[in-house]
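Let me begin by presenting the structure, written as structure tokens, before commenting on it.
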Amino acid sequence: MNYVGQQNGRDIYYFTTEGKVDWNSKVFESSWLLFAIGDDPDKEVIIAFVDECIAHKPAYICTAGKACELIHDSFDEGIIWQGVEHSSIYAPMTTWHDDFKEGIWFAVNVACHEELVISKVVCINLDSKSDIDKSNLMSALS
């Protein structure tokens, strides 16, 4: 996990799935927003990631990159299946953003939850083909 900085009262973190996400990190304990990035991730990586992520209940889910719609739809399907299998009502808002800068700006400045104050934006890059990394993450917010 890499702490990137803070903006709009939200701590911003960056992970890659290649580095294996530490799901036991305190970052995932409460009121966090997922910002998933992917240009050409492996479908198996998406499925495993979606299942694990949903188990940690992000308050909001945003996706960006060339595969943003696919990742977004995978989250919507995963949320529906989780509700059917566990008879639970967990339905975070999900959005996809074709433009990375627009997406990260939305995640940090606009996305909100009606019951929780989102205090963390956790950016997770799902593949090595994406040119987004922590070094240009904050510059996209400038």
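Using this note's numbering, the letters of the sequence shown correspond one by one to residues 1225 to 1366.
For every residue, glycine included, the Cβ atom is placed at its ideal position computed from N, Cα and C.
Item checked: Cα-Cα separation, N1248 to K1325 -> 29 angstroms
* Asked: Whose CA, out of V1228, G1307, D1235, lies closest to the CA of N1333?
  -> D1235
Checklist entry - On the three-state DSSP scale, how would you describe L1365? => result helix
Exercise. Would a C-beta distance cut-off of 8 angstroms place L1258 and I1285 closer than the cut-off?
Worked result: yes
Determine the direct distance from the alpha carbon of F1299 to that of V1274, and round the result to whole angstroms. 6 angstroms
Closer than 8 angstroms by C-beta to S1255: which residues in its own chain qualify, once you throw out the five before and the five after it? Chain order, please. A1283, H1337, L1340, V1341, I1342, S1343, K1344
Subject >> Whole-Å CB distance - A1288 paired with I1261, under 8 angstroms assumed >> reply: 5 angstroms
- Message: Quick check on DSSP: helix, strand or coil for G1229?
- Response: strand
With distances taken from CA atoms, which of I1278, Q1306, A1331 is nearest G1233?
A1331
task: Please state whether DSSP places N1333 in a helix, a strand or coil.
output: helix
task = Sort C1292, A1364, E1301, A1272 by Cα distance to D1322 and report the nearest one.
result = C1292
(Q) Rounding to the nearest angstrom, what Cα-Cα distance links D1253 and E1276 in this structure? (A) Sequence inspection shows Glu at residue 1253; the Asp mentioned does not correspond to that position. Computed Cα separation, rounded: 13 angstroms.
Is DSSP giving W1305 helix, strand or coil here? helix
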